[in-house]
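Single-structure report; data block below.
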Amino acid sequence: MAEGTIKVVMQKGFGFIDTGTGKDLFFHSSNLEGIPFDQLQTGQRVSYTEGRGPKGPCAENVRPI
Numbered sequence: 001m002a003e004g005t006i007k008v009v010m011q012k013g014f015g016f017i018d019t020g021t022g023k024d025l026f027f028h029s030s031n032l033e034g035i036p037f038d039q040l041q042t043g044q045r046v047s048y049t050e051g052r053g054p055k056g057p058c059a060e061n062v063r064p065i
C-alpha cells in the first residue's frame with residue numbers, strides 16, 4: 001500500500017490525496033475504510049492502493065495511518 005496526505009476534502013463526498021510524487025489522486029467517500037468521510041482532515045496521513053476509475057487513476061482502500 002502507498003501512503004499520502006489528504007490535500008483537499010470536498011463537501012460533495014470526494015477529495016484528493018497528495019502522493020508525494022507530484023501527482024494528486026482522486027478518491028471517493030465510498031473508497032474509505034476505518035473512518036467516516038466527515039472526519040477526514042486536510043493534512044491527515046492515509047494509506048491507499050492505486051486503482052483505475054472511469055476518469056483515470058484513483059485511490060482505493062483509503063485508510064488513516
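In this text, residue positions in the sequence shown follow UniProt numbering: the first is 1, and each later residue adds one.
No residue lacks a Cβ here, since even glycine has one placed at the ideal position from N, Cα and C.
These numbers were taken from a predicted model, which means no experiment stands behind them.
Nonlocal neighbours in the same chain, by C-beta distance under 8 angstroms from residue i, ignoring five residues either side
i	result
S2	It is Ala, not Ser, that sits at residue 2 in the sequence shown. Hits under 8 angstroms: T19, S47, Y48, T49, E50.
F27	F14, G15, F16, I17, Y48, C58, A59, E60, V62
Cβ-Cβ separation, residue j to residue i (assumed contact under 8 angstroms), whole Å
i	j	result
S29	F16	The Cβ separation is near 13 angstroms, so there is no contact.
Identity of the residues DSSP links to residue i by a beta bridge
i	result
D32	In the sequence under discussion, the amino acid at residue 32 is Leu, which differs from the Asp named in the question. Paired residues: V62.
residue 77	Limits of the chain in this structure are 1 at one end and 65 at the other, which puts residue 77 out of reach.
E15	It should be pointed out that residue 15 corresponds to Gly in this sequence rather than to Glu. In DSSP, G15 forms a bridge with V9, F27.
G22	For G22, which the question treats as bridged, DSSP gives no partner whatsoever.
G43	Partner(s): none; G43 has no beta bridge.
Whole-angstrom distance between residue j and residue i, CA atom to CA atom
i	j	result
L40	K23	20 angstroms
T5	G43	6 angstroms
G53	N31	11 angstroms
Same chain only: Cβ atoms within 7 angstroms of residue i, ignoring 5 sequence neighbours per side
i	result
P57	L25, E50
R63	E33, G34, V46, S47
I65	E3, R45, V46, S47
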